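Peer 1: The structure is given below, and queries will be raised subsequently.
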């Protein structure tokens, strides 16, 4: 470990020592919990934590006081962003000494909650644990690729101390990328990538355009977040940066919920900090393993604005692992926002991975976006620099996906714009 990275590493843990080993204790507990031999053992291990947390919430939160004497987690209602926004003052136990966390996500609608100091320390421990599983060591240079809005930006001094290099997805011009690639190629210190896959694709497309060879820039870890990580982008990143990427499932209001491990497409769930349920798309009842449903989480460590059975707005599939050394349920897939799900002409939900599969089949197209405008009307936006020879084949593939009686319009565009969050949607439903 280079001198400065090693110094940052030691300094961080020295500060934690003087604060009573708060993060180190959490890190040990996370490792022990996620090392449980079975799901039953894990639930038994977490049972007391969950009970104490729920009792605390019913004692101190006005909104949850009606649930005193509960028998189980299922006695509590499922809540979503709208419910929390409407009843924030009643749900929040106290906001005076707590950190406010705000996000607009992919919806563009502001959403704020409060997080306790206990939650802040836990999130830090979660980050260290899951980043470590991907190859990152605390103190290394972090190349952080996202939309750096005003409320997220830090001072240059703080970036330097934390060894973070902010890379804005809204400024990935050829000129900016040329300077950036030159910088990380000169720097021999270990570095890790964290960012939006659509931004990674832009960087890799630039490297392909200049006919770059694989970069010798000492990348130790590549983590994609907030968007689906297509196989083609993963292959590009692996080629240019010599590291197998993994996807992380997280959000601003909670933290790291699940993450892939290298060589495994399934997501390891952060059972140490959350209780995860997959509920029916229309009813608050659990679905069997292997079926798609709403991802609902209970955050076990936020005692400021309790998030009990919080409907994240995302959909996914839970499954049991085939690994004899890991018998904990995993997320087989995370499909993104429920509001972005498209339906075929019969009104049946289309598995979102079908659209990602279509994108992988046509790598010659720079960007693709699928938009549902009516029960049978679909608009497909294509950003393609060259003549799309396989256009009719692509259209036929779309018909196979949405229905032979669909009305499909193809629109060629110069660029599919990013959302305010800096992400780019693959699917948009204008009917839902």
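Numbering (the UniProt record's numbering), first residue to last: 1 to 432. Glycine included, every Cβ here is placed at the ideal spot set by N, Cα and C. As the structure is a prediction and not an experimental result, all values here were calculated from the model.
#1: Note down the Cα distance separating residue 186 from residue 217, rounded to an integer number of angstroms.
#2: Three or more C-beta pairs under 8 angstroms: does that hold for the stretch 168-179 against the stretch 134-148?
#3: What does DSSP give as the partner residue(s) for residue 315 in the beta ladder?
#4: Checking the sheet assignment: what are the DSSP bridge partners for residue 255?
#5: Counting only runs of 4+ residues fully inside the stretch 193-264, write out the alpha helix (DSSP H) ranges in chain order.
#6: Assuming residue 277 is part of the alpha helix (DSSP H), what are its boundary residues?
#7: Which same chain residues, not among the five before or five after residue 80, have their C-beta less than 6 angstroms away from its C-beta?
#8: So which of 97, 40 and 140 has the shortest CA-CA distance to residue 113?
#9: Given that a residue counts as buried once 16 or more other Cβ atoms are within 10 Å of its Cβ, and exposed if not, what is residue 116?
#10: If you measure between the beta carbons of residue 101 and residue 284, is that distance less than 8 angstroms?
#11: State the beta-bridge partners of residue 370 as determined by DSSP.
#12: Report the option in 141, 40, 135 and 41 whose CA atom is closest to the CA atom of residue 6.
#13: For residue 302 versus residue 153, is the C-beta spacing smaller than 8 angstroms?
#14: Which ranges does the beta strand (DSSP E) cover as unbroken runs of at least 3 residues, wholly within the stretch 68-123, from first to last along the chain?
#15: Rounded to whole angstroms, what's the CA-CA distance from residue 87 to residue 329? Just pull it up for me.
#16: Between residue 408 and residue 350, is the Cβ-Cβ spacing less than 8 angstroms?
#17: Could you check whether residue 268 and residue 135 sit closer than 8 angstroms to each other, using their CB atoms as the reference points?
#18: For residue 188, count neighbouring Cβ atoms within 10 angstroms of its own Cβ and tell me buried if that reaches 16, exposed if not.
#19: From residue 309 to residue 73, what distance separates their C-alpha atoms?
#20: What is the rounded straight-line gap between the Cα of residue 22 and the Cα of residue 195?
#21: Thinking C-beta only, is residue 317 closer than 8 angstroms to residue 333?
#22: Can the beta-carbon of residue 260 be found less than 8 angstroms from the beta-carbon of residue 273?
#23: How far does the alpha helix (DSSP H) with residue 267 in it reach, from first residue to last?
#24: What residues match up with residue 141 in a beta bridge as DSSP calls it?
#25: Looking at the secondary structure, which residues open and close the alpha helix (DSSP H) in which residue 184 lies?
#26: Find out if the Cβ-Cβ distance for the pair residue 270, residue 257 is shorter than 8 angstroms.
#27: Do the stretch 410-420 and the stretch 376-384 make contact, defined as three or more Cβ pairs closer than 8 angstroms?
#28: Please confirm whether residue 314 and residue 292 have their CB atoms less than 8 angstroms apart.
#29: Is there contact here, the stretch 197-210 with the stretch 153-162, by at least three beta-carbon pairs under 8 angstroms?
#30: Between 225, 266 and 144, which has its C-alpha nearest residue 321's C-alpha?
#31: How is residue 165 classed by DSSP in three states: helix, strand or coil?
#32: Could you check if residue 431 is buried or exposed, using at least 16 other CB atoms within 10 Å of its CB as the buried criterion?
#33: Between which two residues does the beta strand (DSSP E) holding residue 408 run?
#34: Give the single residue among 362, 374 and 419 whose Cα lies nearest to the Cα of residue 342.
#35: What is the DSSP secondary structure of residue 330, counted as helix, strand or coil?
Peer 2: Inspection of the coordinates gives the following:
#1: The count along the chain shown starts at 1 and reaches residue 186 at position 186. The count along the chain shown starts at 1 and reaches residue 217 at position 217. Going by the C-alpha atoms only, they are around 7 angstroms apart.
#2: Because the criterion of three Cβ pairs below 8 angstroms is met, the stretch 168-179 and the stretch 134-148 touch.
#3: The residue given as residue 315 occupies position 315 in the chain shown. Answer by DSSP bridge pairing, in chain order: 294 and 336.
#4: The residue labelled residue 255 in the question sits at position 255 within the chain shown. When beta bridges are read from the DSSP output, residue 255 appears opposite 251.
#5: Entirely contained in the stretch 193-264, the alpha helix (DSSP H) runs reaching 4 residues are, in chain order, 197-209 and 231-241.
#6: Your numbering for residue 277 matches position 277 in the chain shown. Taken as a continuous stretch (DSSP letters only), residue 277 belongs to no alpha helix (DSSP H), being part of the beta strand (DSSP E) at 274-279.
#7: The sequence position of residue 80 within the chain shown is 80, counting from 1. The beta carbon of residue 80 sits closer than 6 angstroms to those of 311, all from its chain and outside the five residues before and after it, given in chain order.
#8: The sequence position of residue 113 within the chain shown is 113, counting from 1. Ranking 97, 40 and 140 by CA distance to the CA of residue 113 puts 97 first.
#9: Start at 1 with the first residue of the chain shown, and residue 116 comes out as number 116. Buried: at least 16 other Cβ atoms inside 10 Å.
#10: As a first step, residue 101 must be located in the chain shown, where it is residue number 101. As a first step, residue 284 must be located in the chain shown, where it is residue number 284. No, these two residues do not count as a Cβ contact at 8 angstroms.
#11: Taking the first residue of the chain shown as 1, we reach residue 370 at position 370. Listed as beta-bridge partners of residue 370 by DSSP are 380 and 427.
#12: As a working note, residue 6 is residue 6 in the chain shown. Its Cα nearest to that of residue 6, the residue 141 stands out among 141, 40, 135 and 41.
#13: Numbered from 1 along the chain shown, position 302 holds the residue referred to as residue 302. Numbered from 1 along the chain shown, position 153 holds the residue referred to as residue 153. Taking 8 angstroms as the cut-off, the Cβ atoms of residue 302 and residue 153 do not count as close.
#14: For secondary structure counted as the beta strand (DSSP E) over 3 or more consecutive residues, the stretch 68-123 holds these complete runs in sequence order: 99-103 and 111-115.
#15: Here residue 87 is taken as the residue at index 87 of the chain shown, counted from 1. Here residue 329 is taken as the residue at index 329 of the chain shown, counted from 1. If you take the alpha carbons of residue 87 and residue 329, they lie about 32 angstroms apart.
#16: Working through the chain shown from its first residue, we reach residue 408 at position 408. Working through the chain shown from its first residue, we reach residue 350 at position 350. Going by beta carbons, residue 408 and residue 350 fall outside the 8 angstroms limit.
#17: Position 135 of the chain shown, counting from 1, holds the residue named residue 135. Position 268 of the chain shown, counting from 1, holds the residue named residue 268. Contact annotation: residue 135 and residue 268 have beta-carbon atoms that are not nearer than 8 angstroms.
#18: In the chain shown, counting from the first residue as 1, residue 188 sits at position 188. By the C-beta density criterion, residue 188 is exposed, having fewer than 16 other C-beta atoms within 10 angstroms.
#19: Residue mapping note: residue 309 aligns to position 309 of the chain shown, counting from 1. Residue mapping note: residue 73 aligns to position 73 of the chain shown, counting from 1. CA-to-CA, the gap between residue 309 and residue 73 works out to about 8 angstroms.
#20: Within the chain shown, the letter at position 22 stands for residue 22. Within the chain shown, the letter at position 195 stands for residue 195. Approximately 28 angstroms, taken between the alpha carbons.
#21: The count along the chain shown starts at 1 and reaches residue 333 at position 333. The count along the chain shown starts at 1 and reaches residue 317 at position 317. Less than 8 angstroms divides the Cβ of residue 333 from the Cβ of residue 317.
#22: For this step, residue 260 is matched to residue 260 along the chain shown. For this step, residue 273 is matched to residue 273 along the chain shown. Going by C-beta atoms, residue 260 is not nearer than 8 angstroms to residue 273.
#23: In the chain shown, residue 267 corresponds to position 267, counting from 1. Counting along the chain, residue 267 falls outside any alpha helix (DSSP H), though it belongs to the beta strand (DSSP E) covering 267-269.
#24: By 1-based counting over the chain shown, the position of residue 141 is 141. In the DSSP output, where bridge partners are listed per residue, residue 141 has 191.
#25: Within the chain shown, residue 184 is the residue found at index 184, counting from 1. Its alpha helix (DSSP H) spans residues 174-186.
#26: Along the chain shown, read from residue 1 onward, the residue named residue 270 stands at position 270. Along the chain shown, read from residue 1 onward, the residue named residue 257 stands at position 257. The Cβ atoms of residue 270 and residue 257 sit closer than 8 angstroms to each other.
#27: Flag = yes, the stretch 410-420 and the stretch 376-384 touch.
#28: For the purposes of this step, residue 314 is taken as residue 314 along the chain shown, with counting starting at 1. For the purposes of this step, residue 292 is taken as residue 292 along the chain shown, with counting starting at 1. No, the Cβ-Cβ distance between residue 314 and residue 292 is not below 8 angstroms.
#29: Result no; under three Cβ-Cβ pairs closer than 8 angstroms.
#30: To locate residue 321, count along the chain shown from 1; it is residue 321. Per the Cα distances, 266.
#31: Along the chain shown, read from residue 1 onward, the residue named residue 165 stands at position 165. Strand at residue 165.
#32: As a working mapping, residue 431 is identified with position 431 in the chain shown. Classification for residue 431: exposed.
#33: Numbered from 1 along the chain shown, position 408 holds the residue referred to as residue 408. Its beta strand (DSSP E) spans residues 407-412.
#34: As a first step, residue 342 is located in the chain shown; it is residue number 342 there, counting from the start. That would be 374, whose Cα lies nearest to the Cα of residue 342.
#35: Translated into the one-based positions of the chain shown, residue 330 becomes position 330. The three-state secondary structure of residue 330, taken from DSSP, is strand.
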